[in-house]
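First up is the structure itself, then whatever we jot down about it.
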Amino acid sequence: GENVEQHPSTLSVQEGDSAVIKCTYSDSASNYFPWYKQELGKRPQLIIDIRSNVGEKKDQRIAVTLNKTAKHFSLHITETQPEDSAVYFCAASSDSGANSKLTFGKGITLSVRP
Amino acid sequence: DAMVIQNPRYQVTQFGKPVTLSCSQTLNHNVMYWYQQKSSQAPKLLFHYYDKDFNNEADTPDNFQSRRPNTSFCFLDIRSPGLGDAAMYLCATSRRQEQFFGPGTRLTVL
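Sequence lines, in order, name chains A and B. The first sequence begins at 1 in this note's numbering and counts up by one. The second sequence begins at 1001 in this note's numbering and counts up by one.
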C-alpha cells in the first residue's frame, strides 16, 4: 500500500519568512495530493491540492509543487503570518472510485514567530 | 451553510457503555468516511462507504460498527468503549478524491 512520509515534524519560522514542507510517497499510481491545515481542536481543512497531471498550483500565498519522478510534493507558504501556525498534513490517493482513500503523512507543526 | 455536520460535538460516556456518533451531509457526496484522531497524530481511517457498500479497514477493531441508512447520514457505533477509544472522531465526505471533514466529535471515556 501507499506510504507517505513527512519531514520535518516541526518547523519554526519568523513572521514574513517562507515555509516549505516536504512529503514523499511510495505508490507511483498515486495521482491526487491534498494538503490539510488543522488548528488546535478544529477539523482538518483542505487548503490546496494537486493532481498528477500538473507540476505546480498556486493560491495566493500558498503553492504546491509535485515531482512525479522523485515521488515528492511540497507545500510552500510565503509571507507567513501568525495565523498560519497549525499542524499541516499531506496526503496521497490513487483511486477516485469505490476505494478512494487518503494516506496521510504524520503531520508537521508549523510555528510562526511574531 | 454547514456541509458536513457531526453531532454531538462532545460526548462523554462510561467505560463499556455503548455510544453512537452521527454525521450528516448536505453535499450529496456518495462516499462517507469515519476517522479516529488522537492527539498529535494523523487521522486514522476506520471505514468508509461508497454509496451503500461498506469498506472496513483491516485493523479497525470489531468494537466499532457503522451504519449508513441513506446518502445523507452515517453513524458510528462503539459497542463497548474502552479508555483507549477516547479521541476525536471525524466524519468526511468526498465525490472525486477531495475529502471534506466535519467538525468532529470529541469522545471522553470515564
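Here a beta-carbon is modelled for each residue, glycine too, at the ideal position from N, C-alpha and C.
Chain A within 7 Å of residue i, Cβ atoms only
i	result
B/Gln-1099	yes
B/Ala-1086	no
B/Val-1012	no
B/Arg-1082	One point to set straight first is that residue 1082 of chain B is Gly, not Arg, in the sequence displayed. No, no contact with chain A.
B/Gly-1104	yes
Unbroken beta strand (DSSP E) run spanning residue i, endpoints
i	result
A/Asp-59	56-59
B/Phe-1054	1053-1056
A/Pro-200	As displayed, chain A neither begins before 1 nor continues past 114, which places residue 200 of chain A out of reach and without an answer.
B/Gln-1097	From DSSP, B/Gln-1097 is part of no beta strand (DSSP E); its letter is neither H nor E.
B/Phe-1047	1044-1050
B/His-1029	First-last for B/His-1029: undefined, no H or E at that position.
A/Ala-70	Unbroken run through A/Ala-70: none, as it is neither H nor E.
B/Ser-1066	1064-1067
B/Phe-1075	1073-1078
A/Asp-49	45-51
A/Glu-2	Run containing A/Glu-2: none; DSSP gives neither H nor E here.
A/Gln-113	It is worth fixing the name first, because residue 113 of chain A is Arg in this sequence and not Gln. Where A/Arg-113 is concerned, the enclosing beta strand (DSSP E) stretches over 108-113.
A/Ala-91	86-92
B/Arg-1106	1105-1109
A/Leu-11	10-14
B/Asn-1007	1004-1007
A/Lys-22	19-25
B/Gln-1041	Counting along the chain, B/Gln-1041 falls outside any beta strand (DSSP E), and DSSP gives it neither H nor E.
B/Thr-1013	1010-1013
Any C-beta of chain B under 7 Å from that of residue i
i	result
A/Gly-107	yes
A/Ser-74	no
A/Ser-111	no
A/Leu-102	yes
A/Ala-63	no
Residue nearest to residue i in terms of C-alpha spacing, selected from the options
i	options	result
B/Thr-1071	B/Thr-1108, B/Gln-1041 and B/Lys-1052	B/Lys-1052
B/Pro-1043	A/Leu-110, A/Pro-114, A/Ser-111 and A/Lys-106	A/Lys-106
B/Gln-1036	B/Pro-1061, B/Arg-1096 and B/Ser-1024	B/Pro-1061
B/Gly-1016	B/Arg-1095, B/Gly-1104, B/Asp-1085 and B/Tyr-1089	B/Asp-1085
A/Lys-22	A/Lys-58, A/Ile-77 and A/Arg-113	A/Ile-77
B/Asn-1028	B/Val-1004, B/Tyr-1010 and B/Gly-1082	B/Val-1004
B/Ser-1080	B/Pro-1008, B/Thr-1013 and B/Asn-1007	B/Thr-1013
B/Phe-1100	A/Tyr-36, A/Thr-24, A/Glu-5 and A/Glu-2	A/Tyr-36
A/Asn-31	A/Gln-60, A/Ala-63, A/Gln-81 and A/His-72	A/His-72
A/Ser-93	A/Ser-74, A/Glu-39 and A/Ser-52	A/Ser-52
A/Thr-69	A/Leu-75, A/Ser-28, A/Ser-9 and A/Val-20	A/Ser-28
A/Glu-79	A/Phe-89, A/Gln-60 and A/Leu-66	A/Gln-60
Q) the region 1044-1060 of chain B: which residues have C-beta closer than 8 Å to a C-beta of chain A, in chain order? A) Considering only beta carbons, the part of the region 1044-1060 of chain B lying closer than 8 Å to chain A consists of Leu-1045, His-1048, Tyr-1050, Asp-1053 and Asn-1055, in chain order.
Q.
So if I threshold CB-CB distances at 8 Å, which residues from the region 1019-1031 of chain B count as touching chain A?
A. Val-1031
Q: Please list the residues of the region 13-35 of chain A that have a C-beta atom closer than 9 Å to any C-beta atom in chain B, keeping them in chain order.
A: Asn-31, Tyr-32 and Pro-34
Q.
Output needed in chain order: residues of the region 41-58 of chain A with a Cβ under 9 Å from some Cβ in chain B.
A. Gly-41, Lys-42, Arg-43, Pro-44, Gln-45, Leu-46, Asp-49 and Arg-51
Q) When you check each C-beta in the region 68-93 of chain A against every C-beta of chain B, which residues fall closer than 7 Å? A) Phe-89 and Ser-93
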